[in-house]
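For the working numbering, count along the sequence shown from 1 and bump the result up by 10. Note that beta-carbon positions come from the ideal geometry of N, C-alpha and C, so glycine has one too. Predicted, not measured: the structure shown is a model, and the values here were computed from it.
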Amino acid sequence: MRPRMASPSCSGCGQVLPLTRLHFRFALEVEGEQQALDSRPLGDSPEALAELVRTLESADAAELEAQVHFEASGVLCPRCRRRLLEVVGHAPAGPH
Ligand SMILES: [Zn+2]
């Protein structure tokens with residue numbers, strides 16, 4: 011096990027996040043699967059999934075071309091957390 015770092019940096023924008031400030035731990039797993047497009051596990055629309063794929067492609071296009079499985083974990087600042095939730099369609103402020 012790796013020792014926990016004293017001050018992690020945001021996986022979205024890279025800013026250092028002191029543990030005394032509000033931050034969000036996340037674990038993301040994305041797997042390429044034809045059937046997933048039909049069952050729509052992420053959000054309610056194919057557009058949300060496509061947007062997520064576009065975001066990941068812009069982050070590391072070469073790696074995504076080499077493998078359809080993507081995993082990431084780390085911490086996010088409040089702003090990057092909001093952006094991620096908007097992409098996957100689970101923004102807490104949405105209508106319910
Ligand atoms: Zn950030």
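Who pairs with A82 in a beta bridge, going by DSSP?
Bridge partners of A82: L38.
If you follow the alpha helix (DSSP H) that V26 is in, where does it begin and where does it stop?
Where V26 is concerned, there is no enclosing alpha helix (DSSP H), given that its DSSP letter is neither H nor E.
Inter-residue Cα distance where the pair is S49 and G99
The predicted position of S49 is uncertain, since its pLDDT is 48 and thus under 50; no value can be drawn from it.
Please tell me whether, using a cut-off of 7 Å, the distance from the CB of R35 to the nearest non-hydrogen atom of ligand 1 is below it.
Flag unset: Cβ of R35 not near ligand 1.
How many whole angstroms separate the CB atoms of F34 and V78, which I take to be in contact at a CB cut-off of 8 Å?
With 8 Å as the limit, F34 and V78 do not qualify as a contact, their Cβ atoms being about 26 Å apart.
Pairwise C-alpha distance: R93 and P56:
Taking the Cα positions, P56 is about 18 Å away from R93.
For ligand 1, is there a heavy atom less than 7 Å away from the beta-carbon of G131?
The displayed coordinates of the chain run from 11 to 106. Any statement about residue 131 would go beyond what the structure contains.
Can you tell me whether C20 is helix, strand or coil according to DSSP?
In the three-state reduction of the DSSP assignment, C20 falls in the strand class, which pools E and B.
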